[in-house]
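> Under the working numbering, the first residue of the sequence shown carries the number 91, and numbering increases by one thereafter.
Backbone N, C-alpha and C define an ideal beta-carbon position, used for all residues, glycine too.
The structure's right below; bear with me while I get my questions together.
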Amino acid sequence: MPIRPSRRALLGAAGALALPGLARAQGRGPDGWPNGRSVSLVLPFTPGGGTDVVARVLIDGFTESFGGSFVMEHKPGATTTVGARHVARARPDGLTLLLGSNSAFAQAPYAYKNLGYDPLKDFSHISLLFASAYLLVANPKWQNFGQMIEAAKKAPNTVTYGTWGVGSTAHLLMLDLAARTGTELLHVPFNGPAPALTEILAGRVDMMFTTFAPARAHVLEGRLRALATPHEERLKAVPEVPTTAEVGLKDLIVSAWWCLAGPAGLSPALVAALDQGVRSAVVRPAARKPIEDFGLLPLPLGPAAFVERTKKDLALNADLMRRAGIVPE
Numbered sequence: 091m092p093i094r095p096s097r098r099a100l101l102g103a104a105g106a107l108a109l110p111g112l113a114r115a116q117g118r119g120p121d122g123w124p125n126g127r128s129v130s131l132v133l134p135f136t137p138g139g140g141t142d143v144v145a146r147v148l149i150d151g152f153t154e155s156f157g158g159s160f161v162m163e164h165k166p167g168a169t170t171t172v173g174a175r176h177v178a179r180a181r182p183d184g185l186t187l188l189l190g191s192n193s194a195f196a197q198a199p200y201a202y203k204n205l206g207y208d209p210l211k212d213f214s215h216i217s218l219l220f221a222s223a224y225l226l227v228a229n230p231k232w233q234n235f236g237q238m239i240e241a242a243k244k245a246p247n248t249v250t251y252g253t254w255g256v257g258s259t260a261h262l263l264m265l266d267l268a269a270r271t272g273t274e275l276l277h278v279p280f281n282g283p284a285p286a287l288t289e290i291l292a293g294r295v296d297m298m299f300t301t302f303a304p305a306r307a308h309v310l311e312g313r314l315r316a317l318a319t320p321h322e323e324r325l326k327a328v329p330e331v332p333t334t335a336e337v338g339l340k341d342l343i344v345s346a347w348w349c350l351a352g353p354a355g356l357s358p359a360l361v362a363a364l365d366q367g368v369r370s371a372v373v374r375p376a377a378r379k380p381i382e383d384f385g386l387l388p389l390p391l392g393p394a395a396f397v398e399r400t401k402k403d404l405a406l407n408a409d410l411m412r413r414a415g416i417v418p419e
């Protein structure tokens, strides 16, 4: 006569079979975060820029570390402050995170009177991510930096440059360049690097400082001319492009970075877990190629380094904005 398993045994077996699926649904973060819910990674830029590359590195790494679903949510506008403000006002449940930049944390406070958030008080600072490689790119009608400057001096306020807003890294770099070269250039702001590059490719805007990622293919295939890079050394990905020092702008160096933040009030356990998730994501073998291809430069990781860099750059930019004559709008 066959022995029938007890009801308790059947329930126990069913529970054991369900546990792996339950673990996947709950997630592997603190208290099962994200508990089967979708996590929104807010990108305050238009699609198609270097931020998308950084986001993909994080999302792939976080999916491995925590399970769950992580999605990009683009919220561009007002020098990246639209997306930053959205996250600052979100519930501190870990379901809304910001893939931000120095624009929102260290520059926008001097460009807007009513920013809508405090870069130090209204966020949970998780980690710096990467420094951003930059290029000065232009319509190929100019062969080099000197030709562009000569054209700008012959016809003041006719050579145009794009940025992603007043007070952005691209704007400050160009203001510094104009002051150093004695040129008068015309500013044309956009919501992000991608639409500005589109206008340069179409010949309606002349040039811009841009992160490397969205310009990479256009430069390598000759649709854009890279005139200089504002770094101390030439970039390995485009070694033929001179540094700003080599074209006569000795101290014109970029300070631009990406970061991960959440609204103020995230639990310390979740901040610590996300910090560890970042560290795991950036060293994954699959992340090596996009990091190298798109000129992402390593930075110190963790909350403390993030807060320290924000405070340092806030002080630096206060002086730079004052010298540039930028008045908060």
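Closest to Val249 by C-alpha separation, out of Asp212, Gly392 and Arg294, would be which residue?
Comparing Cα positions, the closest option is Arg294.
> Excluding the 5 residues preceding and the 5 following Thr170 in the sequence, name in chain order all residues of the same chain whose CB lies nearer than 8 Å to its CB.
Taken in chain order, the residues that qualify are Pro134, Phe135, Gly190, Ser191, Ser193, Ala194, Ala198, Trp254, Gly255 and Ser258.
> Rounded C-beta distance between Val132 and Lys165? I'm assuming under 8 Å.
Indeed, because the Cβ distance is near 6 Å, the residues count as touching under 8 Å.
> Hey, how far is the Cα of Pro124 from the Cα of Glu330?
Near 46 Å, if we compare the C-alpha coordinates of Glu330 and Pro124.
> Tell me where the beta strand (DSSP E) around Ala318 begins and ends.
Run containing Ala318: Arg315 to Ala318, per the beta strand (DSSP E) assignment.
> By DSSP, does Phe470 sit in helix, in strand, or in coil?
Lying outside 91 to 419, the shown extent of the chain, residue 470 is not represented and no answer is given.
> Can you tell me whether Asn281 is buried or exposed? The criterion is at least 16 other CB atoms within 10 Å of its CB, across all chains shown.
Asn281 comes out buried.
> How many Å lie between Pro279 and Leu265 at the Cα?
Their backbone Cα atoms lie some 13 Å apart in a straight line.
> Please state if the CB of Ser214 and the CB of Gly367 are separated by a distance shorter than 7 Å.
For Gly367 and Ser214, no; Cβs fall outside 7 Å.
> Only counting the same chain, and skipping five residues up and downstream in sequence, which positions put a Cβ closer than 7 Å to that of Leu100?
Summary for Leu100: the model assigns pLDDT 39, below 50, so the residue's position carries little reliability; its value from the coordinates is reported in the next sentence. Result list for Leu100: empty, nothing under 7 Å.
> Please list the terminal residues of the continuous beta strand (DSSP E) segment that includes Pro353.
Where Pro353 is concerned, the enclosing beta strand (DSSP E) stretches over Trp347 to Pro353.
> List the whole-angstrom C-beta distance separating Leu339 from Arg270, where the pair is believed to meet the contact cut-off of C-beta under 8 Å.
Rounded, the Cβ-Cβ distance is 5 Å, consistent with contact.
> Less than 7 Å between the beta carbons of Arg315 and Ala242, yes or no?
No; because the gap between Cβ atoms is not below 7 Å, this pair is not in contact.
> Taking all protein chains shown into account, decide if Ala363 is buried (16 or more other Cβ within 10 angstroms of its Cβ) or exposed.
With 16 or more other Cβ atoms within 10 Å, it is buried.
> With distances taken from CA atoms, which of Val161, Arg369, Lys402 and Glu154 is nearest Thr186?
Ranking Val161, Arg369, Lys402 and Glu154 by Cα distance to Thr186 puts Val161 first.
> Which same chain residues end up closer than 7 Å to Thr141 when comparing Cβ atoms and leaving out the 5 residues on each side of it in sequence?
Around Thr141: Leu133, Phe135, Leu189 and Trp348.
> Decide if Arg412 is buried, meaning its Cβ has at least 16 other Cβ atoms within 10 Å, or exposed.
Answer is exposed; the Cβ neighbour count stays below 16.
> Give me, in chain order, the residues of the same chain whose beta-carbon lies closer than 6 Å to that of His261; leave out the 5 immediate sequence neighbours on both sides.
Result list for His261: Thr253, in chain order.
> State buried or exposed for Leu287, treating a residue as buried only when at least 16 other CB atoms are found within 10 Å of its CB.
So Leu287 ends up on the buried side.
> Taking its Cβ as the centre, do 16 or more other Cβ atoms sit within 10 Å of Glu163, making it buried, or is it exposed?
Result: buried.
> Less than 7 Å between the beta carbons of Phe384 and Phe299, yes or no?
Result no, Cβ atoms of Phe384 and Phe299 do not sit closer than 7 Å.
> Tell me which residue opens and which closes the alpha helix (DSSP H) that Arg361 is part of.
It is Val, not Arg, that sits at residue 361 in the sequence shown. Note, Val361: alpha helix (DSSP H), Pro358 to Val372.
> Near Ser327, what residues of its chain come up, given a Cβ to Cβ distance below 6 Å and the 5 sequence neighbours on each side ignored?
Correcting the residue type first, residue 327 is Ala in the shown sequence and not Ser. Hits under 6 Å: Gly385.
> For Val361, which residues of its own chain have a beta-carbon under 7 Å away from its beta-carbon, when the five flanking residues on both sides are left out?
Counting only Cβ-Cβ distances below 7 Å, and skipping sequence neighbours, we find Ser214, Ile216 and Pro393.
> Can you list, in chain order, the residues of its chain with a C-beta nearer than 6 Å to that of Gly167? Leave out the 5 residues immediately preceding and following it.
Asn281, listed in sequence order.
> Kindly list the residues whose CB is nearer than 8 Å to the CB of Gly151, restricted to its own chain and excluding five residues on each side of it in sequence; keep chain order.
Here the set comprises Gly367, Val368, Ser370, Ala371, Val372, Arg374 and Ala377.
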